[in-house]
Structures are given as C-alpha cells and as structure tokens.
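Residue numbers (UniProt numbering), protein chains in the order written: chain A, 1 to 517; chain B, 1 to 322. Every residue gets a Cβ at the ideal spot worked out from N, C-alpha and C, and that includes glycine.
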Amino acid sequence: MSDLASDLSTQPVAPPPLGTKGFFRWAWRQLTSMRTALILLVILAIASIPGSVLPQQGLDPVRVNEWIVNNPTSGPILKRFGFFDVYASPWFAAIYLLLFISLIGCILPRSFAHARVLRAKPPVAPRNLTRLPRSTEVSSEQSADMVIDSAERVFRAKRWRVRRGEDEGGQWIAAEKGYWRETGNLVFHIALIILLIGVGYGSLWGWKGNVIVVSGKGFSDTLTQYDVWGGGRLVSATDLPPFSFTLTDFTADFERGEAQRGAARFFEGKLTVRDTPGAVPYDTTIGVNEPLSVDGAKVFLVGHGYAPHVIVRDTTGSVVFDDTVPFLPQDGSFTSTGVVKVPDATPQIGIQGLFLPTAALDAVLGPHSTFPAPDDPALFMSAWVGDLGLNSGKTQSVYRLDTTQMNLIGRKALRPGETWDLPEGLGSVEFVGFTRWASLQIAHDPGQGIALVAVTFAIFGLLLSLFVKRRRMWVRARPTETGSTVVAAGLARGDDERLESLVNDVATAAASGWRKG
Amino acid sequence: MTEDMGLAQLSLLIVYLSMAIITMAMVSFAISLAGTRTSKLAARDRVPALVGSVGETEPATAPDSELVSEVPKGRRAANVGMSLTWLAFAMLLVAVVMRGIWAGRVPWGNMYEFSITSALGVLGAFLIFSLFREIRWLGIYVTTVVLLTLGLAVKVLYTEAAQLVPALKSYWLLIHVSAAVICGGAFTIAAGITIAYLIQDRRLRRTPEGAEPPASRLPSAERLELLNYKILTFAFPLWTFAVVSGAIWAESAWGRYWGWDPKETWAFITWVIYAAYLHARTTAGWRGRRAAWISLVGFLAFLINYFGVNLFVQGLHSYKGF
Ligand code: HEM
C-alpha cells in the first residue's frame with residue numbers, strides 16, 4: 001500500500017545486527033525513530049522537574065547555599081551532579097542534544113522524501129479500489145469518459161492535484177491534496193532546531209549587567225560601571241556599545257488602599273540618553289514593561305530604592321563628604337540599610353545607616369518603616385571612627401562597614417534637614433534629604449530575534465501540520481450497458497472523519513456529471 | 001477601595017449564585033446518567049456529516065432516533081443540565097466582568113480572579129464544544145470540576161485585591177492569560193474525556209473475545225480517543241502560543257525571555273508532555289491507552305503549574321499573599 005497509510009513507526013523493533021557498520025546503522029535508526037523521540041521527550045520533561053523544586057544558582061544563589069548547609073549529606077552530592085543548576089548541567093544538555101540529533105536525523109530524510117513527493121504526480125490508482133478502507137461503488141448513466149471528466153472537474157474545483165490514466169480495469173483518475181500538512185510539520189520541527197540555535201547564539205554572544213543609578217547621576221556603558229556583569233563565552237568588554245545616560249528623575253507610587261497596602265503600583269524613570277559619546281542627547285522614560293532600547297542593548301527597570309543625601313564635616317568644619325548614598329531595601333516597606341564611608345576625615349568616619357521612608361519605632365522590631373512611600377522619612381545612624389580598612393588591599397563592599405579597627409561613638413536619628421554634632425568634637429553629620437535610585441538591568445541578546453522568528457514559524461507550521469488534511473482519492477469508471485460503474489476510494493494520513501463522506505460525494509458527483517456553478 | 005466595594009460584593013454574590021446553579025446542573029447530569037438505561041447512548045455527532053463541499057448532494061444526517069425513542073428521561077435531565085450550565089456560564093461571565101470593572105483592569109490580578117476566570121474558561125470550553133459534539137455525558141465531570149474551582153476561589157483564595165503590580169501591566173498579560181485560560185478549559189475537558197476513554201478501554205479489555213462488550217452510557221472508546229485528540233490538537237498550538245507570549249512579556253518585564261522560573265519550567269514541562277502525547281499517538285504500541293495516560297500526565301503538569309507553583313513555590317510568578 002502507499003506510504004500514506006503505512007505508519008513511519010510501525011516497523012517492529014529488530015534486534016541489532018552483527019558487524020560494526022550494521023550496528024551503527026541500527027543504532028542510528030533507533031535514535032531517529034519516533035519511539036526514541038517520544039521517550040526523549042518524556043525524559044526531558046522529567047529532567048526539568050528538579051530545577052523547579054530545588055533552588056537554582058542562577059535564580060537564587062543564597063537559597064542554594066542555605067539548602068546545602070541545611071542538608072549536609074545530600075546537599076553536596078546534589079551540587080556535584082548539577083542539581084542546583086539543572087538547566088546548565090551536562091546531563092540536561094545531553095538529553096536535549098540527543099533529542100535534537102534525533103530530530104535532525106528524522107527531518108533530513110523526511111525533507112528529501114517530501115521534496116520528491118511535491119514534484120511527483122499522484123500515485124497510480126490501485127487495481128482494486130474497494131479494498132481500500134474507504135470506498136464506494138455507484139452506477140452511472142454516463143459514459144466512463146464523462147464520469148472521469150466530471151471527477152476531474154470536481155477535484156480541480158477543490159484544487160486537488162490530479163492525474164489520469166487507463167488500464168485493463170478502465171479509466172481512472174488519481175487526486176491528492178494536503179501537501180501543506182507535511183510541509184508544516186517539517187517547518188515546525190526545523191523551527192525548533194533554529195530556536196535552539198537562537199538560544200545558544202544568544203547565550204554565547206549575549207551579555208547582561210546590573211547597575212544601581214541614583215537619580216541625578218549618570219551611567220556610561222563600560223564594564224567598570226556595572227555592579228554585576230556577565231557575558232557569554234564569546235563576548236569581550238570591548239563589545240559594549242558606547243552609550244551613556246543620566247537618570248534625571250525617578251517616581252514611584254504605592255497602593256494606599258487596605259488591600260495589598262504598600263504594593264508597588266507605578267514606577268517611572270526619566271532618562272537623558274546619548275547613543276554615542278558625541279551624539280545629541282535626547283530625553284526618554286523607562287518603566288516596568290517599557291524597557292529602553294539603545295544601540296542593540298536594552299535597559300530594563302528591575303528595582304528601586306532610596307538614597308539619603310548626607311554631608312559630613314570634619315573637626316575644622318570643612319566638608320569632607322557630600323553625596324547621595326544608595327541604601328538597599330530590606331523589606332516591602334523599604335526599611336533600607338546602607339553605609340557612608342568618609343576616608344578623607346581624620347580620623348576616618350564610617351556611618352551605618354537605616355533609612356526609613358515612613359519611620360516607626362517598635363519594642364520588638366526596633367526602628368522600621370511601615371510604608372514604602374516617604375511619608376515620614378528618618379535616618380537612624382551609628383557613627384564609627386578609626387580605620388575604614390580601605391588600604392588593606394581587600395576589596396570591600398560599598399554596603400558593608402568593616403568595624404574591626406573602628407570604635408562606635410554614638411547613635412542618632414535625624415529628620416531631613418537636621419544635623420548631628422558628633423561627640424568629642426569629631427565633626428558633624430547632616431541629613432540633607434533623600435533621592436531615589438533605580439536598579440537597571442542592561443542586556444544584549446543577539447539570539448532573541450532568531451528565537452522569535454523561529455517560534456513564529458513553529459506555530460504556523462504546527463497549525464498546518466495539525467489542521468491540514470492529507471488525502472488521496474481515486475475514481476475508476478468501467479463501461480456497462482447502461483453507462484458505467486463508478487468506484488471511488490480514499491486514503492488519508494491519520495484520522496479523517498470526513499473522508500468517508502468525501503468519497504461518497506465524489507462518487508455521486510462524478511456519476512451525475514457534476515460541473516461548476 | 002473600601003468606599004466602593006459594591007460592585008465587588010455583587011460580583012461575589014453572583015459567583016455564589018452561579019455555584020448554586022452549577023450544583024443543580026450537576027444533579028441533573030447525575031440523574032441523566034442514572035436514567036440512561038440503554039447501551040446505545042451512541043453519542044453521534046450532531047453535526048451533519050459536513051458534506052456538500054464536493055458535489056451538490058444532500059448531507060447524510062444521521063438519524064438520532066434510537067436516542068430519542070429509548071432514553072427520554074435521561075435526555076430530558078441532560079437538557080436541563082445543559083440549560084443550567086449555560087445560565088451559570090452567563091452569570092459567571094457577568095461576575096468576572098463586574099470584577100474587572102470594579103478593579104478598573106483585567107480581572108486577573110490574583111489567584112481568586114484567576115480561579116473564577118478559569119472556571120469560566122472550563123464552562124466555556126465545554127459549552128462551545130457541546131455545540132459541535134454530543135458531550136452532555138461529560139457534564140457531570142465539568143460541573144464537578146467547576147464547582148471545586150469556584151469553592152476554592154471563594155473560600156480560600158478570596159481577596160479584595162486592588163491594582164496590578166507594575167509587572168502585570170501589559171497588554172501581553174491580556175493575550176497571554178486569555179490563551180492560557182482557554183487552554184486550561186480545553187485541557188480540563190480533554191482530561192475528562194481521557195478518563196472516560198480509559199474506563200471504556202478497560203471495559204473492552206475485560207470483555208472476553210468474541211463477546212459483546214457490556215452496556216455503557218459513554219461513547220465508544222474509539223470515539224473518545226478521537227475526541228481527545230481533536231481537543232488537544234486545538235489546545236496544543238494555543239498552549240505553544242501562550243508560552244511564547246509569556247516569554248515575550250517576560251522579556252519586556254524582566255529583561256529576559258526565558259529564565260527557568262518555576263512557572264516557566266512547568267509551562268515547558270506541560271508543553272513537552274503534550275508533544276509527547278501527539279507523538280505517542282502516531283507511534284505503534286503507544287497509541288491508545290499509553291498515549292491517553294501521557295495526556296493525563298500533561299494535564300497533571302498543567303495543574304501543578306496552575307495551583308502548585310502559585311501557592312507553594314517561590315518565584316516571580318507567585319501571587320500568593322495578596
Ligand atoms: C524537539 C522536540 C519535538 C517536539 C516538541 C515535537 C513536536 C511535534 C508535534 C507537536 C507534532 C504534531 C503531531 C501531529 O501531527 O499529530 C509532531 C509530529 C511529528 N514529529 Fe515531532 N517533535 C519533536 C521531535 C521529534 C523528533 C526527534 C522526531 C523524529 C524522530 C519527530 C518526528 C515527528 C513526526 C514524524 C511527526 C508527524 C506525525 C504525524 O503526523 O504522523 N519529532 N512533533
């Protein structure tokens with residue numbers, strides 16, 4: 001019978017033959033069989049599960065460490081086998097690479113076969129049409145010739161590809177339709193391969209960095225300006241596009257109703273951007289879901305916080321520090337912590353601060369914020385003097401104070417505009433006010449466009465593959481005394497509920513001399 | 001928000017009322033099943049055989065007479081059940097729309113709203129499908145699932161949540177969530193049909209060779225299998241689209257289109273399992289029972305994504321705690 005009816009996969013699983021060449025051929029055939037694809041898909045699904053249950057390095061490294069500390073026996077073993085970075089682990093890669101090798105091995109021969117079919121005529125009518133699963137026989141008053149003519153008109157009106165012939169069994173016509181089904185299926189599977197290429201390309205040549213920019217300050221796209229930066233294997237720092245921008249303003253709004261009180265409602269940053277160092281600057285805004293595209297990179301707003309403005313004067317009263325310092329939010333109400341380091345004072349001064357947008361004191365919680373908006377801001381401080389340890393050669397976090405060589409000299413809470421005279425005439429700290437900062441993620445993913453085009457093709461291919469019906473039909477007409485006997489038969493790929501009625505329709509139409517209009 | 005709770009309260013009230021109607025529909029469907037005495041609830045397609053496309057012949061409409069004459073009682077109850085289900089659907093639609101008007105946005109800001117919208121999706125999928133196929137026998141399953149979902153929504157998940165967090169403010173939300181909700185409805189219906197298929201298949205396998213299979217109120221195993229396939233061929237591309245639109249949205253909100261966040265991971269797992277089902281269906285030895293089980297596992301993955309990830313796993317998509 002024709003290849004339409006014989007399933008690709010119905011061949012029984014034969015044992016491996018002897019001999020190396022035979023064995024490889026056998027192994028390849030196994031790998032590219034439908035059953036293997038099926039099993040690999042199931043394995044891929046199962047292999048994806050642990051990454052959603054265990055904390056993952058890329059998403060939450062802190063929880064990964066916690067997990068390992070809490071599970072001293074299983075933790076290290078799981079880590080060893082990549083369970084905390086499942087989607088980058090070798091065994092996960094092995095599964096999807098096998099799947100894609102299987103896919104390529106499956107697509108290549110099918111594409112060639114399909115290319116041949118596309119150019120071929122519909123196959124010759126089988127001798128005995130009534131043996132096909134769907135067939136019907138009617139008698140007609142018209143001659144065999146006319147019947148086949150009518151059948152041809154019917155098929156052509158419906159854009160079937162047709163072929164006529166004659167043999168001992170009489171005249172026949174073969175018709176075929178639905179080539180888009182296989183085309184769509186191939187497009188779908190090829191698009192999956194291209195999608196994988198796009199993803200891989202993006203991860204090799206893409207990069208991503210995070211930076212906190214205080215309102216009023218600028219950023220230029222060089223490696224040193226980032227707080228965190230990571231690039232694919234094939235990216236170097238010189239590949240960064242040379243844009244720069246200033247965050248001129250940042251606004252944030254929070255829910256004040258009872259339900260979801262304090263939840264973020266609206267963020268917006270205003271930027272002045274220069275595409276290249278000499279270019280004319282332009283103004284734009286950035287928000288959640290509204291990234292800025294600049295020179296192949298995209299700037300996303302991922303977080304925000306407060307930056308108190310502090311002026312520190314030394315013993316003589318001259319200003320040794322005057323700047324806004326980003327504080328990191330610790331909870332949903334933006335209780336924020338940060339550090340001011342004043343290396344230019346003698347002795348050096350370090351301040352650990354707690355910025356509270358809406359300040360409250362509580363016996364249990366201590367000073368904390370009760371609402372994220374700055375309704376009643378306050379800055380709680382502990383001042384230290386001594387050696388900041390900046391010359392020790394160790395890199396220090398700007399958010400941590402190393403107090404090993406320092407002495408605590410006092411604590412104080414200030415409202416905006418207030419000044420604290422440090423004890424023993426060591427100077428003063430003025431809390432001028434505050435501004436906001438925005439945390440930005442700047443990313444470049446050159447594979448994204450490829451991936452988007454690939455999935456678009458995949459979806460359209462899939463629709464064709466699932467909804468186009470591939471059908472073949474034949475009509476034979478044999479002359480009788482009163483006219484002719486008409487036999488029509490059809491064959492479809494997969495299930496086809498309509499085939500039977502189609503066969504009947506064609507038989508009737510052909511027998512009754514159908515013509516258009 | 002408190003000053004203007006009227007519309008939200010009314011919406012909730014209508015949800016409760018629709019639950020009452022669905023309960024009545026459920027009873028009707030139960031009566032209908034109990035009242036079907038014959039073995040030949042053949043469940044023919046009500047659609048005329050789609051002819052006339054080629055040739056000018058009359059459509060060969062299948063006579064429904066064996067149903068009409070033999071099972072009047074069960075049929076009437078099923079019809080009552082269907083009418084009640086339409087009514088409940090309309091009411092729930094009103095409730096969801098009102099909720100949206102009250103909140104001034106799409107009503108998908110939290111788990112409560114997701115749940116009532118999904119219940120609407122399941123009812124909608126069932127009703128629309130019932131226009132093309134005889135699937136009233138599935139009514140008992142659909143009403144049970146919807147009632148459970150709504151019960152969970154009003155009892156456990158109810159919130160007076162107000163606005164959306166900024167990440168959810170995107171027209172991709174509209175597209176992504178509508179696609180996902182429609183898929184949810186279709187997957188749920190398909191799972192019901194698959195369970196029926198497995199029951200029928202078991203019955204067949206228990207029948208000694210050559211004997212007539214025992215009487216059944218469900219369509220034949222063959223029909224059910226095909227029905228399941230039809231629904232999943234509709235749902236699979238739509239799910240693909242839902243995942244892709246989610247990725248596009250994630251790209252604009254978080255700066256990456258795919259990050260293996262638990263929700264994304266389970267959407268992927270669901271997709272892969274349904275793809276495996278489609279392959280199983282064309283693989284010798286897997287078609288039928290094994291493929292059916294795979295599609296049920298796909299539905300399980302969908303449920304885990306829907307409930308499990310929102311409620312128990314930490315990630316960008318958790319709406320819990322509102
Ligand atoms: C990368 C993972 C894969 C996915 C997500 C996938 C998905 C799909 C989908 C959705 C269909 C449509 C099913 C239908 O027409 O009913 C399909 C069909 C098909 N797939 Fe795949 N596939 C994958 C890998 C493979 C591999 C590795 C092979 C080769 C062994 C393969 C061979 C086929 C064939 C031959 C069909 C046509 C079935 C038919 O309609 O008769 N696929 N695939």
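* When the cut-off is 8 Å and only beta carbons count, does Met34 of chain A lie next to chain B? -> Yes, Met34 of chain A lies at the interface with chain B (some Cβ there is under 8 Å from its Cβ).
* Asked: Do you know whose CA, among A:Thr248, A:Leu223, A:Asp227 and A:Ala378, lies nearest Thr238 of chain A's CA?
  -> A:Leu223
* Flag Leu271 of chain A as yes if its beta-carbon sits less than 8 Å from any beta-carbon of chain B, otherwise no. => no
* **As assigned by DSSP and simplified to three states, the class of Ala383 of chain A** => In the structure shown, Ala383 of chain A sits in a strand (DSSP, three-state: E or B).
* Three-state class that DSSP yields for Pro55 of chain A in the structure shown -> coil
* Asked: Around the C-beta of Glu430 of chain A, are 16 or more other C-beta atoms found within 10 angstroms, so that it is buried, or is it exposed?
  -> Looking at its Cβ environment, which holds 16 or more other Cβ atoms inside 10 Å, Glu430 of chain A is buried.
* What's the call for Leu502 of chain A, buried or exposed, on a 16-neighbour Cβ count within 10 Å? -> Leu502 of chain A comes out buried.
* Compare the C-beta of Gly255 of chain B against all C-beta atoms of chain A and say whether one is closer than 8 Å. => yes
* To do: Quick one: using the 10 Å Cβ neighbour count with 16 as the cut-off for buried, is Tyr282 of chain A buried or exposed?
  => Exposed, since its Cβ has fewer than 16 Cβ neighbours within 10 Å.
* Asked: Gln448 of chain A bridges to which residues according to DSSP?
  -> Partner(s): none; Gln448 of chain A has no beta bridge.
* From the DSSP output, which residues share a beta bridge with Lys516 of chain A? -> In the DSSP output, where bridge partners are listed per residue, Lys516 of chain A has none listed.
* chain B contact for Gln448 of chain A (CB, 8 Å cutoff) -> yes
* Asked: Does the beta carbon of Leu491 of chain A fall short of 7 Å from some heavy atom of the ligand HEM?
  -> no
* Return the CA-CA distance between Pro122 of chain A and Ile173 of chain A, expressed in angstroms with no decimal places. => The alpha-carbon separation between Pro122 of chain A and Ile173 of chain A amounts to approximately 9 Å.
* Local Cβ density within 10 Å of Asp167 of chain A, reported as buried at 16 or more and exposed below that -> exposed
* Would you tell me roughly how many angstroms separate the C-alpha atoms of Arg206 of chain B and Ala180 of chain B, rounded to the nearest one? => 38 Å
* Asked: Considering only residues of the same chain and omitting the five flanking positions on each side of Gly55 of chain B, which have a CB-CB separation below 7 Å?
  -> In this prediction, Gly55 of chain B scores a pLDDT of 36, lower than 50, which makes its location untrustworthy; no coordinate-derived value is stated.
* Measuring from the CB of His309 of chain A, is there a heavy atom of the ligand HEM at a distance below 7 Å? -> It does not: the Cβ of His309 of chain A is nowhere closer than 7 Å to a heavy atom of the ligand HEM.
* **Any C-beta of chain A under 8 Å from that of Trp260 of chain B** => For Trp260 of chain B, the nearest beta carbon of chain A is closer than 8 Å to its own beta carbon.
* Length of the line joining the Cα atoms of Lys40 of chain B and Thr85 of chain B -> Its pLDDT being 42, under 50, Lys40 of chain B is placed unreliably by the model, and the measurement read from it follows with that caveat. Rounded to the nearest angstrom, the two C-alpha atoms are 25 Å apart.
* Asked: Counting only beta-carbon atoms, is Gly51 of chain A nearer than 8 Å to chain B?
  -> yes
* Asked: Which partner residues does Arg282 of chain A have in the DSSP bridge list?
  -> Per the sequence shown, the amino acid found at residue 282 of chain A is Tyr instead of Arg. Tyr282 of chain A pairs with A:Val273.
* Asked: Between the segment 191-202 of chain A and the segment 449-467 of chain A, do three or more beta carbon pairs fall short of 8 Å?
  -> yes
* Quick one: is Val272 of chain B near chain A, going by C-beta distance under 8 Å? -> yes
* Buried or exposed (CB count within 10 angstroms, at least 16 for buried), Asn407 of chain A -> By the neighbour-count rule (16 or more Cβ atoms within 10 Å), Asn407 of chain A is not buried but exposed.
* **Within-8 Å CB hit, residue 563 of chain A to chain B** => Summary: the structure shown does not reach residue 563 of chain A, with chain A confined to residues 1 through 517, and so no result is reported for it.
* Asked: Going by beta carbon distance, what residues of the same chain come within less than 7 Å of Leu93 of chain B, once the five residues before and after it are set aside?
  -> So the qualifying residues of the chain are Leu120.
* To do: Would you kindly check if the distance between the Cβ of Val487 of chain A and the Cβ of Arg498 of chain A is under 8 Å?
  => no
* Consider the C-beta atom of Ser33 of chain A and the heavy atoms of the ligand HEM; say whether any pair is separated by less than 7 Å. => It does: the Cβ of Ser33 of chain A is within 7 Å (strictly closer) of some heavy atom of the ligand HEM.
* To do: Alpha carbon to alpha carbon, how far is Ile269 of chain B from Val124 of chain A? Give it in angstroms, no decimals.
  => 45 Å
* Asked: Is Ser111 of chain A near the ligand HEM, going by C-beta to nearest heavy atom under 7 Å?
  -> no
* Pro237 of chain B at chain A interface by Cβ criterion, 8 Å -> Yes, contact with chain A.
* To do: Report whether the distance from the Cβ of Thr246 of chain A to the nearest heavy atom of the ligand HEM is below 7 Å.
  => Thr246 of chain A: no, Cβ never under 7 Å from the ligand HEM.
* Asked: Is the closest heavy atom of the ligand HEM to the C-beta of Cys183 of chain B under 7 Å?
  -> no
* Residues near Phe243 of chain A in its chain [Cβ-Cβ closer than 8 Å; skip 5 each side] -> If we look at Phe243 of chain A and ignore the five residues flanking it on each side, its Cβ neighbours are Ser220, Asp221, Val273, Arg274, Asp275, Thr276, Val294, Asp295 and Ala297.
* **Own chain, CB closer than 6 Å to Glu182 of chain A, minus 5 neighbours either side, in chain order** => His114
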